[in-house]
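Q: Protein chains in written order, with our numbering: chain L, 1 to 107; chain B, 1001 to 1258. Ideal Cβ placement from N, Cα and C applies to all residues, glycine included. Keep in mind that this is a model prediction, so the values were computed, not measured. Got a structure for you, written out below as structure tokens; questions coming shortly.
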């Protein structure tokens, strides 16, 4: 029974890790990375390492994807000297609604 | 050295490494075996110091010096982030406007926030008894605060998160670990040795000697470090923006002053 669980979680880890490499868009990659963290946490739990699983859950599933999405947003958010074809952005205060997540969804 | 020769040297090195790793793999104990020489010794040492969670005993007692190194890595990383992600001369501060959040998201985040925070603090407090500890609980508690950003907006988060105080708490957590180690030396033992306090009754909150104290110091350091780290990233993502016209000659600010 244990072996079956280990094999299943190992396959899940391999699948989500492959997906994390295959997805090219950094924002989606962050989401897949979060999923990879989740499957890794499951693997560590099955292998009786709950301490490591908790670390993986906190850092790999929550913190790292969050830092990644914030970094991506900073890179995307350019000043308006360069016209990158996004119409309607004439004032200097666009993209500052104070909720990056909502804006990422809105775009 | 030509490119071709360098590739040969690299290939030789890689082949050597692969050979050694392969040979080492054949000497490993079988997966899931019964013999764990290091594990048995760690469990014995943890039990002799009345620490129920053996991993915490390894982290904060047997290998406390390693943990000091790891903690310092995080401290240094946060320090570097604070220095690098400051507002530079050609950037300006933009006040974020209030955002509209859909009601289900707001409700979920506002319910999840206190629960997550309590879970984080619980994991820190019970580090010496059950899986988890200062590191895991600290990250959970710190990320819990940021649910307020999802539920309301950045200004609400900023109000409950005075970054300056968290920076002080980060340094205090780091210092507390070192001072606890030095206190053991003053008590006539080795640096970070678990010899200061009575070991207490097994499987109670106060058991394990200095393990709960070092664990709490790590919890404080990690929670504050993550808050400061995320604050710097959020500032960059939400508030700080490159000026539309960067000054051509930064050495003469008077020329380009608005």
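Provide the residue(s) that pair with residue 6(L) in DSSP beta bridges, ordered along the chain.
A: Looking up residue 6(L) in the first chain gives position 6. Answer is none; residue 6(L) lacks a bridge partner.
Q: Measuring alpha carbon to alpha carbon, tell me which residue in 1056(B), 1050(B), 1052(B) is nearest residue 52(L).
A: Position 52 of the first chain holds residue 52(L). Nearest to residue 52(L) by C-alpha distance, out of 1056(B), 1050(B), 1052(B), is 1056(B).
Q: Identify which residue in 1226(B), 1207(B), 1206(B) has its Cα closest to the Cα of residue 1169(B).
A: For the purposes of this step, residue 1169(B) is identified with residue 169 of the second chain, where counting begins at 1. Residue 1169(B) has its Cα closest to that of 1226(B), out of 1226(B), 1207(B), 1206(B).
Q: May I ask you to report which of helix, strand or coil DSSP gives residue 1258(B)?
A: Numbered from 1 along the second chain, position 258 holds the residue referred to as residue 1258(B). Unreliable positioning characterises residue 1258(B) in this predicted model, as indicated by a pLDDT of 45, which lies under 50. The coordinate reading is nonetheless provided below. Note: residue 1258(B) maps to coil in three-state DSSP.
Q: Please check if any C-beta of chain L sits within less than 8 Å of the C-beta of residue 1007(B).
A: Here the question's residue 1007(B) lines up with position 7 in the second chain. It does not; no Cβ of chain L falls within 8 Å.
Q: Quick one: is residue 1016(B) buried, meaning 16 or more other Cβ sit within 10 Å of its Cβ, or exposed?
A: Translated into the one-based positions of the second chain, residue 1016(B) becomes position 16. Exposed: under 16 other Cβ atoms inside 10 Å.
Q: Classify residue 1234(B) as buried or exposed, calling it buried when 16 or more other Cβ atoms lie within 10 Å of its own Cβ.
A: Position 234 of the second chain, counted from the start, is the residue given in the question as residue 1234(B). Buried: at least 16 other Cβ atoms inside 10 Å.
Q: Please list, in chain order, the chain L residues whose beta carbon lies closer than 7 Å to that of residue 1173(B).
A: The residue labelled residue 1173(B) in the question sits at position 173 within the second chain. Here the premise fails: no neighbours, minimum Cβ distance about 17 Å.
Q: Can you tell me which of the three DSSP states residue 85(L) falls into?
A: Walking along the first chain from the start, residue 85(L) turns up at place 85. At residue 85(L), the pLDDT of 43 sits below 50, so the modelled position is not reliable; the number obtained from the coordinates is stated separately. DSSP places residue 85(L) in coil when its eight states are reduced to three.
Q: If we call anything under 8 Å between Cβ atoms a contact, is residue 1241(B) one with residue 1091(B)?
A: One-based indexing of the second chain puts residue 1241(B) at position 241. One-based indexing of the second chain puts residue 1091(B) at position 91. Yes. Within cutoff.
Q: CB residue 1121(B) to CB residue 1141(B), shorter than 8 Å?
A: By 1-based counting over the second chain, the position of residue 1121(B) is 121. By 1-based counting over the second chain, the position of residue 1141(B) is 141. With respect to residue 1141(B), residue 1121(B) sits close: the two C-beta atoms are nearer than 8 Å.
Q: By DSSP, does residue 1201(B) sit in helix, in strand, or in coil?
A: In the second chain, residue 1201(B) corresponds to position 201, counting from 1. The answer is coil: DSSP assigns residue 1201(B) none of H, G, I, E or B.
Q: Assign residue 1240(B) to one of three DSSP states: helix, strand, or coil.
A: Working through the second chain from its first residue, we reach residue 1240(B) at position 240. It is a strand residue.
Q: Mind listing which residues of the segment 58 to 77 of chain L have their C-beta closer than 8 Å to chain B's C-betas, in chain order?
A: 58, 59, 62, 63, 66, 67, 70, 71, 73, 74, 77
Q: Using a Cβ cut-off of 7 Å, pull out every chain B residue sitting near residue 55(L), in sequence order please.
A: Working through the first chain from its first residue, we reach residue 55(L) at position 55. Those are 1135, 1136, listed as they occur along chain B.
Q: Roughly how many angstroms separate the alpha carbons of residue 1076(B) and residue 1082(B), rounded to a whole number?
A: Translated into the one-based positions of the second chain, residue 1076(B) becomes position 76. Translated into the one-based positions of the second chain, residue 1082(B) becomes position 82. Spanning the alpha carbons of residue 1076(B) and residue 1082(B) requires a straight line of approximately 10 Å.
Q: With DSSP run on the structure shown, which of helix, strand or coil describes residue 77(L)?
A: In the first chain, counting from the first residue as 1, residue 77(L) sits at position 77. In the structure shown, residue 77(L) sits in coil (DSSP, three-state: anything other than H, G, I, E or B).
Q: May I ask you to verify whether the segment 1152 to 1160 of chain B touches the segment 1202 to 1211 of chain B, counting CB pairs closer than 8 Å and requiring at least 3?
A: no
Q: For residue 50(L), go through chain B and note every residue whose CB falls closer than 9 Å to its CB, in chain order.
A: As a working mapping, residue 50(L) is identified with position 50 in the first chain. Simply 1055, 1130, 1131, 1132.
Q: Is it buried or exposed for residue 1095(B), if we count other Cβ within 10 angstroms and need 16 for buried?
A: As a first step, residue 1095(B) must be located in the second chain, where it is residue number 95. Exposed: under 16 other Cβ atoms inside 10 Å.
Q: Would you mind stating whether residue 1128(B) and residue 1051(B) have Cβ atoms separated by less than 8 Å?
A: Working through the second chain from its first residue, we reach residue 1128(B) at position 128. Working through the second chain from its first residue, we reach residue 1051(B) at position 51. Yes.
Q: Specify the secondary structure class of residue 1221(B) as computed by DSSP and reduced to three states.
A: By 1-based counting over the second chain, the position of residue 1221(B) is 221. If DSSP states are grouped into helix, strand and coil, residue 1221(B) belongs with the helices.
Q: Excluding the 5 residues flanking residue 47(L) on each side, which residues of the same chain have their C-beta closer than 8 Å to its C-beta?
A: Along the first chain, read from residue 1 onward, the residue named residue 47(L) stands at position 47. In chain order, 6 place their CB closer than 8 Å to the CB of residue 47(L), counting only its own chain and leaving out the 5 sequence neighbours on each side.
Q: Enumerate in chain order the residues of its own chain whose CB-to-CB distance from residue 1199(B) is below 6 Å, with the five nearest sequence positions on each side excluded.
A: The count along the second chain starts at 1 and reaches residue 1199(B) at position 199. Correct list, in chain order: 1049, 1050, 1209.
Q: For residue 75(L), tell me which candidate among 57(L), 61(L), 27(L), 42(L) has the shortest Cα-Cα distance.
A: Taking the first chain and counting its residues from 1, one reaches residue 75(L) at position 75. Out of 57(L), 61(L), 27(L), 42(L), 27(L) has the C-alpha closest to the C-alpha of residue 75(L).
Q: With a cut-off of 8 Å, does the C-beta of residue 1236(B) fall near any C-beta of chain L?
A: Numbered from 1 along the second chain, position 236 holds the residue referred to as residue 1236(B). Residue 1236(B) counts as touching chain L.
Q: When the Cα atoms are used, what is the spatial distance from residue 23(L) to residue 67(L)?
A: What you label residue 23(L) is simply residue 23 of the first chain in a count that begins at 1. What you label residue 67(L) is simply residue 67 of the first chain in a count that begins at 1. Straight across, the Cα-Cα distance linking residue 23(L) with residue 67(L) is about 18 Å.
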